[in-house]
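The listed protein sequences derive, respectively, from chains A and B.
Mapping of the first sequence onto this note's numbering: residues 1 to 354, in sequence order.
Mapping of the second sequence onto this note's numbering: residues 1001 to 1184, in sequence order.
The beta-carbon is built from N, C-alpha and C at its ideal position, and this holds for glycine as well.
These figures come from a predicted structure and were not determined experimentally.
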Amino acid sequence: MVECLTGKKILIKGNYAIANAAVLAGCQCYFGYPITPQSEIGEFMSGKMQELGRSYVSAESELAAINMTIGACATGAKAMSSSSSCAIALMQEALSYAASDELPVVLVSVMRGGPGLGNIYSSQGDYFQTTKGGGNGDYKLIALAPSTVQECVDLTYKAFYLAHKYKNPTVLLADGLLGQMMAPVEFKPYPYPEIDNSEWALTGAKGRNSRIIRSYAPLADEQCVFLEKLFNKYKQIEENETEWEEIGTEDADIVLVSFGSTFRNIKTAAKICRQKGLKVGVFRPITLYPFPHKRLNELADRVKKIISVEVNMGQMINDIKLSVDGKVPVELIHKPVGAPPAPEDIAAQVEELA
Amino acid sequence: MEKDFIIAGFGGQGVLLAGEVLANGFMIDDKMVTWYPSYGAEMRGGTVNCSVVMADEDVSAVQKSQADYIIVLNQASFDKYTSWVRKGGTIIVNSSLANIKKVRDDINYVFVPITQMAQEKLGNIKMSNVLALGILSKVSKLITLSTLEKALKNVIHPHRMNLMPKNIEALKLGYEYDLLPILG
């Protein structure tokens, strides 16, 4: 299979790109259970991790995989799991625990059609699942959404960094299109500093006091203190890590917003609209949590309309509405599942909505 | 400039691999390129396809419903993809496994007995996919044989490099096939 080389452009599938990037990021343990459309990640890891003397476990279920990841992360290891939609659903309890335990779990989520078993075609239907969570209690997952295969690499690196920097579970939210497509990619060396975890990792208590990582605070006050601390961390994440991309928004009357693989299509749609004399810009949240609320709110001061373009029934549009707080109308252009709407179709709908 | 390609046929005819070689070639030529497979409940003997988009700037969309060049290696793909050819575009048809029949007059048809040539001249029908790329190189003028050779080296597994000479032969055979009577 593919090599862990750096510095050379290669044509590679998104799934392999993610897996190779995880290896280059120093991932020591991978736990997973196969599911389309992300099975190539586990396939790659099954060979490469062994070759490098790292750990690979083909778990008996997704529940096992994510809980193994929690266990490995508790020792301070760089550990990850990957899965898709209906199987990520099975992991929600563990993600709530990982957030509460403040463990640097990295989870790759390659979206397919839902709800339920749904189908294996590409989708963006797990925006809510990722950003609003299905686990209990007040918690947040850092969520990064790549829009190209190159970004599958760059944001996998970043996911490991942010997870360890903030001791917070972090999701790389890709989709079937990104996972299955190939594009030229360059693997640069992992660009982030290693994070010291010697203060908290469970590494054996010889010569020091024992440590406990738990998500249980039996006294009401204790839990209040913990949640305040946790949310101070989230505030820092929101201040420091919110990331987005925007093109042509300076003079735009209408701004199209997409995340992930759909961004390519709205960029093209915006060009078509510009040729027709409509001033259209594009905006893409790179971090879905933290969401670029502030920037969208600023844009709402000078644009006339914002349109969310998604491959689902309309999920991110709710966060956009929160961002703009009623300043401008927010519309939806979408497809329920499958390929992102064609640029020409988006452009035609923008014209109607303009 | 942006050009769209689809390669389609039976599972097992090597259409995904041919697409990978083509996409690697465009990468070698410093073009922007994407490759996307049909995936899902596919099986050997069923139909399979992949699409490749080549562009000077960013690829406008990965999945499209039209293409400039379509290679069809069997009848089912010929039937399905004829309507997908963009006006003025070209369909390259494996006439060994599809009937020679023109139903549109706004596209170019290139009928080549690909499987038969692979069997008779190369002794291996598995060479059909690479032979088809040679034809595409000639017809489209968008990628050279030498680029495709380099691309093959990227795609063929290091353990299988002994297959390179035969593949290069297949490319040439496709390229040198006399298209004049077809294109008129």
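Residue i versus residue j: straight-line alpha-carbon distance, rounded
i	j	result
K1077(B)	S1065(B)	With the sequence shown as reference, residue 1077(B) is identified as Ser, and Lys is not the correct amino acid for it. Answer to the nearest angstrom: the Cα atoms are 14 Å apart.
K8(A)	R302(A)	43 Å
E1002(B)	R1086(B)	13 Å
D1030(B)	N1024(B)	10 Å
G1184(B)	K1153(B)	Below a pLDDT of 50, predicted positions are generally treated as unreliable, and G1184(B), at 45, falls in that range; no measurement from the model is reported.
D319(A)	K1101(B)	54 Å
G267(A)	L1122(B)	Residue 267(A) is actually Lys in this sequence, not Gly. Answer to the nearest angstrom: the Cα atoms are 46 Å apart.
N1094(B)	V1112(B)	5 Å
F31(A)	A347(A)	42 Å
A1061(B)	L173(A)	20 Å
N297(A)	E239(A)	15 Å
E1120(B)	Q92(A)	58 Å
L299(A)	P184(A)	33 Å
M1158(B)	T170(A)	The amino acid occupying residue 1158(B) in the given sequence is Pro; Met does not appear at that position. Rounded to the nearest angstrom, the two C-alpha atoms are 36 Å apart.
G53(A)	V106(A)	20 Å
M68(A)	S96(A)	15 Å
L177(A)	Y1039(B)	10 Å
Below-8 Å beta-carbon distance, residue i vs any chain A residue
i	result
D1095(B)	Note on identity: in this sequence residue 1095(B) is Ser, with Asp being the wrong assignment. By this cut-off, S1095(B) is not an interface position.
V1139(B)	no
M1054(B)	no
G1027(B)	The displayed chain sequence assigns Met, not Gly, to residue 1027(B). M1027(B) counts as touching chain A.
G1184(B)	With a pLDDT of 45 at G1184(B), under the threshold of 50, the modelled position of this residue cannot be trusted; read the value that follows with caution. Cβ-Cβ to chain A under 8 Å: no for G1184(B).
S1077(B)	no
P1037(B)	yes
E1149(B)	no
Own chain, CB closer than 7 Å to residue i, minus 5 neighbours either side, in chain order
i	result
Y192(A)	Y157, Y161
L1017(B)	N1129, V1155
V1007(B)	This sequence places Ile at residue 1007(B); Val is not what is there. Within the same chain, I1007(B) has close Cβ partners V1015, A1018, G1019, N1049, C1050, I1071.
Y56(A)	Y30, M45, S46, M49, Q50
M1027(B)	V1033
I35(A)	S83, S84, A87
Cross-strand partners of residue i (DSSP beta bridge)
i	result
C29(A)	S55(A), A79(A)
T1090(B)	Y1069(B), N1108(B)
L172(A)	V108(A), L144(A)
E1176(B)	Note: E1176(B) sits in no beta bridge, so no partner.
L1131(B)	Answer is none; L1131(B) lacks a bridge partner.
N119(A)	G113(A)
T287(A)	L144(A)
Nonlocal neighbours in the same chain, by C-beta distance under 8 Å from residue i, ignoring five residues either side
i	result
N1124(B)	A1118, K1166
K305(A)	D253, I254, V255, V328, P329, V330, E331, L353, A354
Y33(A)	G42, S58, A59, E60, S61, E62, A64, A65, S83, A87
A74(A)	D101, L103, A201, L202, I213
F231(A)	D138
Neighbourhood of residue i by C-beta, 6 Å cutoff - its chain only, sequence neighbours within 5 removed
i	result
D1106(B)	K1087
Y190(A)	L24, A25, Y157
P292(A)	T242, W244, P285
N197(A)	G76
G179(A)	G14, N15, P37, Q38, V110
M1054(B)	K1003, F1026, K1031, V1033
R1160(B)	none
F226(A)	A217
Residue i and residue j closer than 8 Å at C-beta
i	j	result
G281(A)	E246(A)	yes
I142(A)	H164(A)	no
D1004(B)	D1056(B)	no
Q1063(B)	L1097(B)	no
Q28(A)	A98(A)	no
S84(A)	P37(A)	yes
D175(A)	S258(A)	no
E344(A)	I237(A)	no
G1174(B)	G1134(B)	yes
V324(A)	Y121(A)	no
K335(A)	V311(A)	yes
L144(A)	T249(A)	no
I333(A)	M182(A)	no
I1092(B)	V1110(B)	yes
S261(A)	P341(A)	no
Test: residue i CB closer than 8 Å to a CB of chain B
i	result
K279(A)	no
R264(A)	yes
A19(A)	no
T268(A)	yes
A342(A)	yes
L11(A)	yes
P37(A)	yes
A145(A)	no
A347(A)	no
At a Cβ cut of 7 Å, what residues of the stretch 171–191 of chain A count as close to chain C, listed as they run along the chain? The chain inventory of the structure shown lacks chain C, comprising the protein chains A and B.
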